[in-house]
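Read top to bottom, the protein sequences are chains A and B.
End of the first sequence sits at 498 in the working numbering; the numbers just go up one at a time, nothing left out.
End of the second sequence sits at 83 in the working numbering; the numbers just go up one at a time, nothing left out.
All C-beta atoms in this analysis are idealised placements derived from N, C-alpha and C, irrespective of residue type, glycine included.
The structure under discussion appears below in the form of structure tokens.
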Amino acid sequence: MIFNSVSFAGFFLVVFFLYYSPLKGNTKAQNWLLLLSSYFFYGFADWKMVPLLLVATTIIYFLGKALSKSNSDKNSSILTYLGVLTGVGLLVYFKYFNFFIDSFSSLFNAIGLHSNIGSFNIIMPLGISFFTFKLISYVVEIHRGKIEYCKDFVSFSTYIAFFPTILSGPIDKPNTFIPQLQQRRTFDFALAVDGCKQILWGLFQKVVIADNLAAVINDVWGDLPGQSSSTLFLTAILFSIQLYTDFSGYSHMAIGVGKILGIQITKNFNYPFFSRSIDEFWRNWHISLTSWLTEYIFMPLNIKFRNLGKLGIILAIIANMVVVGVWHGPNWTFALFGLYNGLLFIPLIISDSFFEKKKLKPNKYGLPTLKDLSKMIGTFLLITLGLILFRADDIGQAMGYISDIFSNSLFTIPEFEEKFKAVRTVVFIVFFFAIEWKGRLGIYAIDEIVKKWNNPIRWSFYSLLILAIGMFMASDESPFIYFQF
Amino acid sequence: MERSKIFIELTELFIDNLDEEGLVLKDTTTAMEIDGWDSLTHIILVVAIEKHFKIRFTSREIHSWKNVGEMINSIEKKVE
């Protein structure tokens, strides 16, 4: 059941009605409803994994309780290690176990030792990369003394399983999420309208841009031999935009749904394609994941290596970025994607530009200056190059793709099977980025823009977006890219 | 060392390392309130504080600070 489907709309309407009508003002009952509907939502996607989610949640809940009562640093550290091990163990077993076996088998075979260890039939639970990070974050935050343990099992379980975010994030921290569940929630009209606008903008990104791009891009990736360099180059650029609009679209919808229920979910994207450097890009892309990793991987490593100066920062960043890559899945392409991005930080750290955070100042026409624009394009192309690894099935395919970009046919006109669809989508992309640029100071682009318009213009604009969404809404559900992670 | 003296010396370290002239710290000041105080400059600050006061923090101490006041508590304990 995905956000852009009729089944989700029906499910959400029922939750909404119960939440604000019979249960209005009853915080405990509302939390029960959120918990049950979250488990229903999760079970609808994969009912076999519901017991796993419940057991993992229960273990961490009791570990948190024990942590709060531990009276020595040593006990607290042991319990925290146990909690982290539970989360990491689940992730490694369900997501990476077969990958390790395959990699070891290949290694043994390569050095002449015959290995007959087969793969195991392990099904990866949906959303495991997201909910295990929440479980880990909960025990570590208690250990660090940043939060008290959550006495109410229902609130804690709702935090872990909250249906708008369980499958693909954003990864909320317990510090900001759990207290909201303990507050009284009545229907807030302004917040609900804000949520609806954010859902509308998310839907536009997903349905009008990402899904249309998917068709064009999949055609090319499905038939790589014989594609011209210019087609490959443009497809790589379009894939960066597809990934962004797909995931940012999903995140906006999740945040919007949260707002309607009176719950603020953490921001996930901050106009990353207007970034002028790699470090700025990673501060603005998948923010909930990068801040999680900054907090629990980069910072501890940076603290450990703090006397090594810049070398310490470089080592911490590279380790952090490799984890960012590997988090996406059990494939060497993701590890290399992370390493590549980590290496891109080195010149920035050495030249000190990593430590400078200059605000973006547009020129007198409200556009980026030529210097900023060239930096934005440069950053975008570096990221796009890395995302070829992200999209490829294996490293060989990615390397072949990259080397095929550099030939004389780079200066020919790109060829797509569905020319009309490609051109139409490019027009929508131009429209999309114009709106994003104009509204870049807002939490989401259209929020900032529509504030300055009068009612007729605002409603015409909404109608235009709804019309475009209606035109392209597929009859069958098109899943989000990040569901697979 | 007196808390007020630590406060003055810590403020100078903040001004030097965050490049924030005229910065005024309070016990309740948090990273959210100071523009240049992020995860990266935080570690730079920690190294500067350790060098200046000739002390060494544990990782857990560094992670547990919620504001400037808690930072000063840790320094105070170590320079006594």
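(request) Could you check what DSSP says for Ala228 (chain A) in three-state terms: helix, strand or coil? (result) helix
(request) Taking 8 angstroms as the cut-off, decide whether the C-beta atoms of Leu216 (chain A) and Gly262 (chain A) are in contact. (result) With contacts defined as CB atoms closer than 8 angstroms, Leu216 (chain A) and Gly262 (chain A) qualify as a contacting pair.
(request) Starting from the beta carbon of Asn320 (chain A), find every residue of chain B whose beta carbon is closer than 8 angstroms, and list them in chain order. (result) Val50
(message) Tell me the rounded alpha-carbon separation between Asn188 (chain A) and Val153 (chain A).
(response) 11 angstroms
(message) Taking beta-carbon pairs under 8 angstroms, can you tell me which members of the region 56-67 of chain B lie near chain A?
(response) Within the region 56-67 of chain B, the residues whose Cβ lies closer than 8 angstroms to any Cβ of chain A are, in chain order, Ser62, Arg63, Ile65, His66 and Ser67.
(message) Tell me which residues share the same chain as Phe166 (chain A) and place their Cβ nearer than 7 angstroms to its Cβ, disregarding the 5 neighbours each side in the sequence.
(response) Tyr74
(request) Would you verify that the beta carbon of Leu43 (chain B) is, or is not, closer than 8 angstroms to some beta carbon of chain A? (result) yes
(message) For the ligand ZN, is there any heavy atom lying closer than 7 angstroms to the beta carbon of Phe112 (chain A)?
(response) Ligands displayed in this structure: none; no statement on the ligand ZN is therefore possible.
(request) Within the same chain, show all residues whose beta-carbon is closer than 7 angstroms to that of Trp305 (chain A), passing over the 5 residues directly before and after it, in chain order. (result) Excluding five sequence positions before and after Trp305 (chain A), the CB atoms of its chain that fall closer than 7 angstroms to its own CB belong to Phe146, Ser150 and Ile184, given in chain order.
(message) For Ile37 (chain B), would you say it is in contact with chain A, using Cβ-to-Cβ distances shorter than 8 angstroms as the test?
(response) no
(message) Quick check on Lys159 (chain A): does DSSP put it in helix, strand or coil?
(response) Looking at Lys159 (chain A) - three-state DSSP - the assignment turns out to be coil, as it is neither helix nor strand.
(request) Have a look at A:Leu395, A:Tyr284, A:Ala205 and A:Leu274 and flag the residue whose alpha-carbon is nearest the alpha-carbon of Ile291 (chain A). (result) A:Leu395
(request) State yes or no: is the beta carbon of Gly275 (chain A) nearer than 8 angstroms to at least one beta carbon in chain B? (result) no
(request) Could you tell me whether the Cβ of Arg437 (chain A) comes closer than 8 angstroms to any Cβ of chain B? (result) no
(request) Compare the C-beta of Met334 (chain A) against all C-beta atoms of chain B and say whether one is closer than 8 angstroms. (result) no
(request) Mind listing the chain A neighbours of Ile46 (chain B)? Cutoff is C-beta to C-beta under 7 angstroms, in chain order. (result) Asn315, Ile316 and Arg319
(message) Is there a Cβ of chain B sitting closer than 8 angstroms to that of Gly100 (chain A), yes or no?
(response) Nearest CB-CB separation between Gly100 (chain A) and chain B: not below the 8 angstroms threshold.
(message) Between A:Val440, A:Asp59 and A:Gly208, which has its C-alpha nearest Met137 (chain A)'s C-alpha?
(response) A:Asp59
(message) Considering only their Cβ atoms, is the gap separating Ile331 (chain A) from Leu352 (chain A) smaller than 8 angstroms?
(response) yes
(request) Round the Cβ separation of Thr258 (chain A) and Gln218 (chain A) to the nearest angstrom and send it over; I've been treating them as touching at under 8 angstroms. (result) Rounded, the Cβ-Cβ distance is 4 angstroms, consistent with contact.
(message) Against Phe358 (chain A), what residues of chain B qualify as contacts under a CB-to-CB distance less than 7 angstroms, listed in chain order?
(response) Near Phe358 (chain A) there are no residues of chain B at all, since even the closest Cβ is about 11 angstroms away, more than 7 angstroms.
(request) Taking 8 angstroms as the cut-off, decide whether the C-beta atoms of Asp224 (chain A) and Phe21 (chain A) are in contact. (result) no
(request) Look at the Cβ atom of Leu46 (chain A), then the Cβ atom of Leu31 (chain A), and state whether they are nearer than 8 angstroms. (result) yes
(message) Please report the straight-line C-alpha distance between Ile268 (chain A) and Phe143 (chain A), rounded to a whole angstrom.
(response) One C-alpha to the other measures close to 15 angstroms.
(message) Quick check on Lys37 (chain A): does DSSP put it in helix, strand or coil?
(response) Three-state result, Lys37 (chain A): coil.
(message) Quick check: the Cα distance between Glu161 (chain A) and Leu98 (chain A), rounded to an integer number of angstroms?
(response) 21 angstroms
(request) Note down, in chain order, each residue of its chain lying with its Cβ closer than 7 angstroms to the Cβ of Leu2 (chain A), except the 5 sequence neighbours on either side. (result) Examination of residue 2 (chain A) is not possible in this model, given that chain A is present from 14 through 498 alone.
(message) What does the alpha-carbon distance come out to for the pair Val206 (chain A) and Leu180 (chain A)?
(response) Each residue's alpha carbon lies about 24 angstroms from the other.
(request) May I ask you to report which of helix, strand or coil DSSP gives Ser288 (chain A)? (result) coil
(request) Please determine if the region 383-401 of chain A and the region 435-455 of chain A are in contact, where contact requires at least 3 C-beta pairs separated by less than 8 angstroms. (result) no
(message) Just to confirm before moving on: does the CB-CB distance between Tyr309 (chain A) and Asn297 (chain A) stay below 8 angstroms?
(response) no
(message) Quick check: the Cα distance between Lys371 (chain A) and Leu43 (chain B), rounded to an integer number of angstroms?
(response) 15 angstroms
(message) Taking the straight line between their C-alpha atoms, what separation do you get for Asn88 (chain A) and Leu21 (chain B)?
(response) 37 angstroms
(message) Between which residues of its own chain and Lys37 (chain A) is the CB-CB distance below 7 angstroms, once the five residues before and five after are set aside?
(response) Taken in chain order, the residues that qualify are Thr199.
(request) Just list the alpha helix (DSSP H) runs in the region 32-67 of chain B, keeping only unbroken ones of 4 residues or longer that don't cross its boundaries, in chain order. (result) 42-56 and 62-67
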